[in-house]
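Undergrad: For the protein sequence lines, the chains are A and B, in the order given.
Here the working numbering is used: the first residue of the first sequence is 568, the next is one more, and so on.
Here the working numbering is used: the first residue of the second sequence is 103, the next is one more, and so on.
Pasting a structure here, questions to come.
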Amino acid sequence: MASTIEGATGTWEYVIGLEVHAQIVSNSKLFSGASTEFGSEPNTQVSPVDAGMPGMLPVINMTCIEQAVKTGLAIEGTINRYSVFDRKNYFYPDLPQGYQISQFKQPVVSEGRLVIEMEDGSEKVIGIERLHVEQDAGKSLHDQDPSHSYVDLNRSGVGLMEIVSKPDLRSPEEAAAYVRKLRSILRYVGTCDGNMQEGSMRVDANVSVRKPGGELGTRCEIKNLNSVRFMSRALEYEALRQIDILESGGKVDQETRLFDVGRGETRSMRSKEEAHDYRYFPDPDLLPLRLEQELINGIAASMPELPDAKRHRFMAEFGLSPYDASVLVAEKENADFYEAVAEGRDKKLAANWMISELFGLLNKAGKGIEESPVSAAALGELLDLISDDTISGRTAKEVFAEMFESGKAAGVIVEEKGLKQVTDTGAIEAVIDGVMARETQKVEEYRSGKDKLFGFFVGQVMRASGGKANPKMVNEVLKKKLDG
Amino acid sequence: MTPTDLTIAQARDLLAKGEISSMELVEAHIDAMENNRDLNAYITETPEKALAMAQDSDARRAKGEGNGLLEGIPVAIKDLFCTADTLTTAGSHILDGFKPFYESTVTTNMWRQGAVMLGKTNLDEFAMGSSNLTSYHGPAINPWKARGDNRARVPGGSSGGSASAVAGRLALGATGTDTGGSIRQPAAFTGTVGIKPTYGRCSRWGIVAFASSLDQAGPMTRSVRDAAIMLRAMAGHDPKDSTSADIAVPDFEADLDKGVKGMTIGIPKEYRSDGMAPEIEALWQQGIKWLEEQGAKTVEVSLPHTKYALPAYYIVAPAEASSNLSRYDGVKYGLRVEADDLLSMYEKTRAAGFGEEVKRRILIGTYVLSAGYYDAYYLKAQKVRTRIAEDFHHVFGHVDAILTPATPSAAFPSEDPPSDPVSMYLNDIFTVPVNLAGLPGMSVPAGLSGEGLPLGLQVIGKAFDEATVLRVGRAIEQAADFDVRPEGY
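Right, dumping it as structure tokens:
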């Protein structure tokens, strides 16, 4: 949902475009055979190609390209059967070749789109300008020695997808929804693990402000945002900073800025004048990338169901609300878990249990679905006990908490604690008779028209049964007896 | 016969008959290298390695193995090829002390075929030059001298050390690389044979890059047959080089003597420049006559974009070089000049590490790729390049090979080189278009200049048709009967 900012001179709106760098899931690097595993000892996953040794040549790892095509199809982009790798030239110690191999004029994917859903249930289409493939740089370490910097090249040459949105985002919330949605899609198709803490996904945000519908303002680029929360804060700060400048008669300078997490503010990194001239040109070590239509078709045929399609299916076939469907499909693992629970059972009941009970306890425990102590099958068994009236919904919550704690099966807990519902009419009648005999005064009052007392009787009967009487049957029998 | 005077083919036959050992060949060459250090042909001599490799080769042969194409043959390697655990300088100060832990594909192929390494030969810094005068290790000297003139002559460049070593009998053959003429021009200047094969024929993996889209390795030898033998050993598809061609390598020697009868040879009219030296023109006419006498038909052909080749080359090659040479930054290997901050370290290291010519080309290359200039220079040059390739493609629709002079002049004195860079660049005027089109080209010694210095003719062929180039070259070699050699070598 678009949000605006009230300034001294009126209302301002955000114009935001995002460049997301997503590390490609692959065993080896984009142009060398070195491993891409995270967290290894520094400089242990480096081939002579990644270290920029003399005479070394890059060779395209087609797995990375196939992953990019898969992602391109997932964002409904055009897959370019002819694309070109260029060199982006600049000097930095963690860039051993003195250039980064990227795609400049002819990316592998262009013109995609992505639908974001806002909390109010509204949807918005965000255009994606391009997706290109490039190699990552190494990492400079400035905290190892007082007078020297060190360089770790493990990440040097790792394949990245840079996914560039159009400036279609109108608020930090939309930007956040876009990043979450993109992350969800990447994880669905298995082309990026989306792990922002480990740097597998990083965001550069371009932001400017304007009077709604007016001319585009001058933008600033905020580099290297590694969490959705920081991105939102950075965008809010940056928009206010620009509005302050504009409203006091100043001019926004086009520049690259960094977000200082500690201070919660952005600061200038380099101005437009200081911007590098990257001297892009086609990498003569690599032939242009030509993709066979069959390869693209094969990848298209192997695409998993994507979050949007799944969401619509959950709504159409299972009758779930847009909100429930969105929550369940956001992570593929959750959706898979849900479908396993819901299979052959009440879909809405399954959705409610997932969202309010399971997610609640997982959140509290700080665990992901893959670490859930209650399996889909175990939760399904619990739902079956509710559906066949073995236990009430209320009892089920207690049982579930116990399952989450001990990992025991629902049936076992019900058995051990004797929580099985009483569904024997005779037994229930006996309890009701006992309560009515005790509460003759209230029976009188009820029968003379005080209907509200019905709830009182239900409560008394349930308490007398130790909570085990089937509530539905209690209702029926009680009504009959009181009215009788 | 003196072992150092043998051709590769002759040495191969003697080795096969057991009349000479690889050890004897190598020892003779080590002596020759020691006695002729004034040629400065080698930057690094590797006698111990040579002796060990020769011993292994002789042992293989004794066991009845050792049937490689170059089994037991001592060769020199241009110091642009990375050779494992052996100093690799690229003729530059900036690679000080650099010993690669890997071996280039081309040299690996040669060792696999039994060749023995004598050492690493001198070259213009990063293969940028036509004289060897830009080498950080001092220039290699041409064994040839003009009649009645004792001044040292340049061996040409950039593969000048290899040319000098082969002409001076300090190796039976040597590897070169050719980006704009760096094999053919020094071959012409030293009376040796040099072939630049089709781009993609030899792997570039492990060769220090100058201009990636133009660089190509090839052999430098004392006969066309030797070039055929050695090229076969060097060439082959390499999955580690994306621009290497997955095309089978033929036995270039097989059809070598089949002659040129029935062939059509193109004579490009645009190569006849106004200022062409009369003796170059005469040599060219002589070459045409030789081929006609052997039954070839010669026809005038047109390569209309030839005049744009040199300017286009001096945009494309420096552009690629400016990027390829960014890795020499003092951070990882080679020279580092310490400084207080990173930027100063970069500046001081590169200022001290690169010579004038390399700096000039980095500056040109950086300029032509800069924002605002890219379209006018680099893009335009690439378009010219396409036109030049089309010119050749068109002509090769009706000719089998093209004959041109190899160089516009004979070797010049080291102390009196062309006075400005552009005059120096003109040395490559006949060879550069071949690199831009990615075609095979060979320089064959064809006669002597008025001063008694060797001159070469260039044969240009269709892509991956080195066999025809070699066959035509062989026909010229036979007709020229070039048996003169530099005095004292």
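Glycine is no exception: its CB is placed at the ideal position from the N, C-alpha and C atoms.
(1) Listing by chain order, which chain E residues have their CB less than 7 Å from the CB of Cys184/B?
(2) Run through the region 677 to 740 of chain A for me and flag every whole beta strand (DSSP E) of 3 or more residues, listed as ranges in chain order.
(3) Does any residue of chain B bring its CB to less than 8 Å from the CB of Leu854/A?
(4) Trp307/B touches chain A at which residues, Cβ-Cβ below 9 Å?
(5) Can you check which of these residues, Pro889/A, Ser869/A, Gly644/A, Val582/A, is closest to Leu783/A by C-alpha distance?
(6) Does Leu189/B come out as helix, strand or coil in the three-state DSSP assignment?
(7) Which runs of the beta strand (DSSP E) at least 3 residues long sit entirely within the region 349 to 409 of chain B? Give them in chain order.
(8) Could you give the uninterrupted runs of the beta strand (DSSP E) lying entirely in the region 244 to 289 of chain B, keeping only those of 3 residues or more?
(9) Within the chosen definition, does the region 748 to 763 of chain A reach the region 803 to 822 of chain A through at least 3 CB pairs nearer than 8 Å?
(10) Tell me the DSSP bridge mates of Lys1017/A?
(11) So, with DSSP's three-state summary, where would you put Leu559/B?
(12) Would you mind giving the Cβ-Cβ distance between Pro245/B and Thr292/B, rounded to the nearest angstrom? I have them listed as a contact below 8 Å.
(13) Since I believe Ala156/B is in contact with Val128/B (beta carbons under 8 Å), could you give me their beta-carbon distance rounded to a whole number of angstroms?
(14) Assuming Ile531/B and Tyr479/B form a contact by the criterion Cβ under 8 Å, report the distance between their Cβ atoms to the nearest whole angstrom.
(15) Check the Cβ of Leu189/B against every Cβ in chain A and list those closer than 7 Å, keeping chain order.
(16) For Pro299/B, decide whether its Cβ has a neighbour in chain A, counting only Cβ atoms nearer than 8 Å.
(17) Taking Ser1032/A as the reference, which of Asp844/A, Glu740/A, Gly1001/A, Ala968/A has the closest Cα?
(18) Starting from Tyr475/B, trace the beta strand (DSSP E) both ways and give me its first and last residue.
(19) Applying a beta-carbon distance threshold of less than 8 Å, which residues of chain B neighbour Gln664/A?
(20) Ignoring anything shorter than 4 residues or poking outside the region 503 to 564 of chain B, list the alpha helix (DSSP H) runs there in chain order.
(21) Strictly by DSSP, which residues pair up with Arg824/A?
(22) Express the C-alpha separation of Ala379/B and Asp348/B in angstroms, rounding to a whole number.
(23) Go to Leu220/B, then tell me how far its beta strand (DSSP E) extends in each direction, as first and last residue.
(24) Per DSSP, what kind of secondary structure is Phe566/B in: helix, strand or coil?
(25) Taking a Cβ distance cut-off of 7 Å, strictly less, list which residues of the region 828 to 844 of chain A are near chain B, in chain order.
(26) Specify the secondary structure class of Tyr479/B as computed by DSSP and reduced to three states.
(27) If you check the beta carbons only, do Gly174/B and Ser124/B fall under 8 Å apart?
(28) Closest to Pro520/B by CA distance: which of Val433/B, Ala118/B, Leu171/B, Ser233/B is it?
(29) With DSSP run on the structure shown, which of helix, strand or coil describes Ile958/A?
(30) So that I know if they touch, is there some Cβ in chain B lying closer than 8 Å to that of Phe658/A?
(31) With burial defined as no fewer than 16 other Cβ atoms inside 10 Å of the residue's Cβ, what is the status of Ser751/A: buried or exposed?
(32) Based on Cα-Cα distance, which residue from Asn610/A, Pro609/A, Ala635/A lies nearest to Leu597/A?
(33) Please classify Asp653/A: does DSSP put it in a helix, a strand, or coil?
(34) Just by C-beta distance, which residues in the region 438 to 453 of chain B are closer than 9 Å to chain A?
(35) Give the range of the alpha helix (DSSP H) segment to which Asn1053/A is assigned.
(36) Quick check on the DSSP output: the beta strand (DSSP E) that includes Lys298/B runs from which residue to which?
TA: According to the structure data:
(1) Chain labels in this structure do not include chain E; the protein chains are A and B.
(2) 690 to 702, 706 to 708, 717 to 719, 726 to 732
(3) yes
(4) Gly622, Met623, Leu624
(5) Val582/A
(6) coil
(7) 366 to 370, 399 to 403
(8) 275 to 280
(9) no
(10) Bridge partners of Lys1017/A: none, in fact.
(11) strand
(12) 7 Å
(13) 4 Å
(14) With 8 Å as the limit, Ile531/B and Tyr479/B do not qualify as a contact, their Cβ atoms being about 20 Å apart.
(15) Correct list: empty, because the minimum Cβ distance to chain A is about 12 Å.
(16) It does not: the Cβ of Pro299/B has no partner Cβ on chain A nearer than 8 Å.
(17) Gly1001/A
(18) Counting along the chain, Tyr475/B falls outside any beta strand (DSSP E), and DSSP gives it neither H nor E.
(19) Ser428, Arg429
(20) 523 to 527, 534 to 539
(21) Ile789/A, Ser835/A
(22) 41 Å
(23) 218 to 223
(24) coil
(25) Asp844
(26) helix
(27) yes
(28) Ser233/B
(29) coil
(30) yes
(31) buried
(32) Ala635/A
(33) strand
(34) Leu444, Leu445, Tyr448
(35) Here chain A has residues from 568 to 1051 only, and residue 1053/A is not among them.
(36) Looking at the DSSP string, the run of the beta strand (DSSP E) that includes Lys298/B is 295 to 298.
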